[in-house]
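Positions in the sequence shown are counted from 1; adding 403 to them yields my numbering.
Please read the structure below before turning to the comments.
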Amino acid sequence: MLINRNYAKLWFGQTISVVGDEVFGTTLLIWIGYVLLAGKGYAPAVSSVVLIVTSIVIIFLGPIAGVFVDRWEARRTMLRMDLIRAALISSLIVVSVVTLPLPVTLTIIAVVVALDTAASQFFNPSRIVLLRDIVPEEMQGRASGYAQSAGALASIIGPPLAAPLLVSVGVPWAITVNALSFLVSYLLIRLIKVDPAAVPPAKPREESAGVWREFVSGMRFIGGHSLVRAVLILAVVVQLGIGAFVALDLYFVAENLNAEPKWFGVLGGAFGVGAVIGSFTGGFLGDRLGHVRVIVGGFVLSGAFLFAYSRLESVWPALAVIAGLGYCIGALNTALAPVLMRVVPRDLLGRVFAVIMPANRLGAIVSIAVTSVLVSTVLKDLDTTLFGMHLGRIDAVFGCAALIVTASGIYFWFAARSLPDSIE
404 MLINRNYAKL WFGQTISVVG DEVFGTTLLI WIGYVLLAGK GYAPAVSSVV LIVTSIVIIF
464 LGPIAGVFVD RWEARRTMLR MDLIRAALIS SLIVVSVVTL PLPVTLTIIA VVVALDTAAS
524 QFFNPSRIVL LRDIVPEEMQ GRASGYAQSA GALASIIGPP LAAPLLVSVG VPWAITVNAL
584 SFLVSYLLIR LIKVDPAAVP PAKPREESAG VWREFVSGMR FIGGHSLVRA VLILAVVVQL
644 GIGAFVALDL YFVAENLNAE PKWFGVLGGA FGVGAVIGSF TGGFLGDRLG HVRVIVGGFV
704 LSGAFLFAYS RLESVWPALA VIAGLGYCIG ALNTALAPVL MRVVPRDLLG RVFAVIMPAN
764 RLGAIVSIAV TSVLVSTVLK DLDTTLFGMH LGRIDAVFGC AALIVTASGI YFWFAARSLP
824 DSIE
């Protein structure tokens, strides 16, 4: 089922690792907000600092890390990063059991999170390169689907596990779970055997070429290739739409769906289930119908589902619509990686993915910040009718987001028209 033994080892290692990451992320926020800073009014601000530190590292280090990913052997890089992350997370076990001044504890946590995130910027693109080396081209869509579905499933089951784990066994053991997940990932990746014939010889690189020159070379490739350039633009633009949904859905549930806040979690679960199914099946659809078709269809249908969601006034139909939205997003995310693996030379793959991933994060941050400000200021009292539709502050933003997502799919279709059928 998992394509071949090498990929099965990679998949199991990744799945265990991402579940550990989700448990750790939630554990960390609970530890800071409800243990270290219990009863402190500034606890939310401190918790936000951790998230800000993570985003800063991803945005600024990620693109440069791609240069080294392309220089180094992918499997060896992943092994090193797993050991580094295991050691970093293990240091927090000591911090959790030793009494230190609160500012010192918080500083150590922030530094460890920053370094752990930095290591991930080398690990994640290397995983894409390794996947390309161990999975036949005709099955790369399926492999991407398995990986995406594992990540989506981890985001559903990981956070709910964190609180009971922390309460039942305490902070040190909850942190240990994440440290052990990296060690399990290390052992499984170590068992992977890469066929040298599957790895094309690297292009000769000038000895004097520095990191900056190689980074610029990667950016020139991205800017000069219509499809890769389109993916980079979409990574930012689509998040302007989806980020608005993430930032405002809690308020939409209360103001537009006329439901209690508890339904926000239920709707999030429906979205997650849809994303898991979409991720799992998106690879199969891409391998059979063409990954470009899945991407374009995913964008257009996502826009349609998001627009339909913005018009709803009760929670029950919203469950079905938001599950459909999750399915489409899961499917199109799955299809992007195989397309890039086919059009990007292997010796540039790390740089390309290391630029696209931070761009996606940057788009989400900008979207969340802008839409949150808009609905709190300019659109705060919006109450109007357009083309027979009533518009309030939240559903108006969702409607605009739907148009952005749909337009992105059309743009990608135009960008991909010149591709040969073998790549589609």
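No residue lacks a Cβ here, since even glycine has one placed at the ideal position from N, Cα and C.
This structure is a prediction, so every number in the text was calculated from the model and none was measured.
Distances from the CA of A600 to each of V773, R535 and V570 were compared; the closest alpha carbon is that of R535. The criterion of a C-beta distance shorter than 8 angstroms is not satisfied by L722 and L653. Around the beta carbon of I461, a 10 Å sphere encloses 16 or more other beta carbons of the protein chains shown; the residue is thus reported as buried. Distance from the CA of Y814 to the CA of A767, rounded to the nearest whole angstrom, comes to 20 angstroms.
The C-beta separation of A804 from F648 comes to about 6 angstroms, placing the pair in contact by the 8 angstroms criterion.
In this structure, the alpha-carbon of I595 lies about 12 angstroms from that of F415. Here V501 is exposed: its Cβ has fewer than 16 other Cβ atoms, across all protein chains shown, within 10 Å.
In this structure, V640 and I807 form a Cβ contact; the two beta carbons are roughly 6 angstroms apart against a cut-off of 8 angstroms. Below 8 angstroms, enough C-beta pairs join the region 737-755 and the region 467-486 to call them touching: three or more. In the structure shown, G621 adopts helical secondary structure according to DSSP, grouped into three states.
Per DSSP, the unbroken beta strand (DSSP E) holding G795 starts and ends at M792 to G795. DSSP, reduced to helix, strand and coil, places D519 within a helical segment of the structure shown.
By the C-beta density criterion, D519 is buried, having at least 16 other C-beta atoms within 10 angstroms.
CA-to-CA, the gap between L569 and V497 works out to about 16 angstroms. By DSSP's assignment, T787 forms a beta bridge with L794. Residue burial annotation: F817 is exposed, with fewer than 16 other C-beta atoms found within 10 angstroms of its C-beta. If one requires a minimum length of 4 residues, the alpha helix (DSSP H) runs lying completely within the region 446-502 are 446-474 and 477-500, in chain order.
Around the beta carbon of L503, a 10 Å sphere encloses fewer than 16 other beta carbons of the protein chains shown; the residue is thus reported as exposed.
Residue burial is scored here from C-beta neighbours: A546 has at least 16 other C-beta atoms within 10 angstroms and is therefore classed as buried. When rounded, the separation of the alpha-carbon atoms in P748 and N659 is 48 angstroms. The beta carbons of G686 and G795 sit no closer together than 8 angstroms.
Out of L728, L692, I698 and S717, the CA that lies nearest to the CA of L709 is found in L728.
Nearest to Q642 by C-alpha distance, out of V769, A707 and G689, is V769.
In terms of Cβ geometry, N527 and G423 do not form a close pair [threshold 8 angstroms]. When DSSP assignments are scanned along the region 664-741, the uninterrupted stretches of alpha helix (DSSP H) that are 4 or more residues long and fall wholly within it turn out to be 665-692 and 694-713. A contact between stretches requires three or more CB pairs, one per stretch, nearer than 8 angstroms, and the region 614-621 fails this requirement with the region 724-744. Taking the Cα of Y410 as reference, the smallest distance to any Cα among A638, V697, P539 and A522 is reached at P539. Look at S588 here: in three-state DSSP terms it is helix. T787 sits exposed, since fewer than 16 C-beta atoms from the chains shown fall within 10 Å of its C-beta. Under the three-state reduction of DSSP output, G766 falls in the helix class.
With a cutoff of 8 angstroms on beta-carbon distance, I725 and A673 are scored as near each other. Excluding the 5 residues flanking it on each side, L704 has same chain C-beta neighbours closer than 6 angstroms at C731, in chain order. Secondary structure at S775: helix, using DSSP grouped into helix, strand and coil. Only residues of its own chain outside the window of five on either side were considered, and among them I759, A762 and N763 have a CB closer than 6 angstroms to the CB of A638, listed in chain order.
Distance from the CA of I797 to the CA of E476, rounded to the nearest whole angstrom, comes to 48 angstroms. Note that the C-beta distance between P575 and E425 is not below 8 angstroms.
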